[in-house]
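The numbering of the sequence shown is the numbering used here, which starts it at 1 and goes up by one.
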Amino acid sequence: MQKEKSVWWIEWGKPILCAIIGVAMIKTFVFAPFVVEGASMQPSLLNNDRIVVNKIMMEFSSVKYGDVVVIKKTDDPKYYVKRVIGLPNDTIKVENGILYINNKEQKEGYLDHTLLEEYKQLNYPETEIPSHKVFVMGDNRLNSIDSRTGLGDTDVSSIVGKAEFVFYPFNRVRIIN
């Protein structure tokens with residue numbers, strides 16, 4: 001009888017242990033949940049939205065314009081969720097609320113169009129993004145700590161990963177574009 005009990009634990013224990021290790025490895029190296037803090041990404045992401053971040057994306061592909069990324073600066077304990085606006089060696093400028101990348105006006109469909117009139121007050125001088133860095137901004141341009149206002153240009157190596165989808169609250173579950 002004692003031998004049967006130990007066999008039962010081994011039979012069930014190994015798969016459970018493997019599952020726990022597998023989940024821990026996926027969370028550590030592939031996907032991770034994050035909580036959006038604050039209003040800086042509204043209307044795309046709301047305060048307390050739960051998102052899944054693809055961490056391995058940075059190993060196999062480069063960051064692209066419009067990617068929503070999670071950033072962790074080495075000298076700051078906070079994580080930031082922002083949109084990639086400029087890539088290395090781009091020239092960025094905001095004039096009367098309009099974003100220009102390499103002197104071309106950009107259409108930003110993700111912005112809150114009810115605030116476009118207020119955004120006209122926003123200006124940012126023409127700046128060249130250094131190599132190995134990106135320029136990030138929050139979608140809520142009036143309420144965002146980003147490359148314009150405190151984060152500065154962000155090292156590509158500071159990007160934890162790309163936000164892939166919202167998984168909570170359930171009425172907001174969707175893929176992030």
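Ideal Cβ positions, reconstructed from N, Cα and C, are used throughout, including at glycine.
At a cut-off of 4 residues, the continuous stretches assigned as alpha helix (DSSP H) that sit fully inside the region 94-170 are 116-119. I159 sits close to V70, with the two beta carbons spaced by under 9 Å. Comparing alpha-carbon positions, the option among E108, D67 and K93 lying closest to V53 turns out to be D67. The Cβ atoms of L87 and F31 lie no closer than 9 Å to each other.
The alpha-carbon separation between V156 and G13 amounts to approximately 41 Å. As computed with DSSP, I16 is found in no beta bridge at all.
Rounded to the nearest whole angstrom, the CA to CA distance from V166 to E108 is 20 Å. Sorting V84, G152, N123 and D76 by C-alpha distance to the C-alpha of V94 places N123 at the top. For the pair Q42 and I145, the Cα-to-Cα distance works out to about 13 Å. Looking at Y110, T74, N103 and D76, the one whose alpha-carbon comes closest to that of V84 is Y110.
When DSSP assignments are scanned along the region 49-90, the uninterrupted stretches of alpha helix (DSSP H) that are 4 or more residues long and fall wholly within it turn out to be 57-60.
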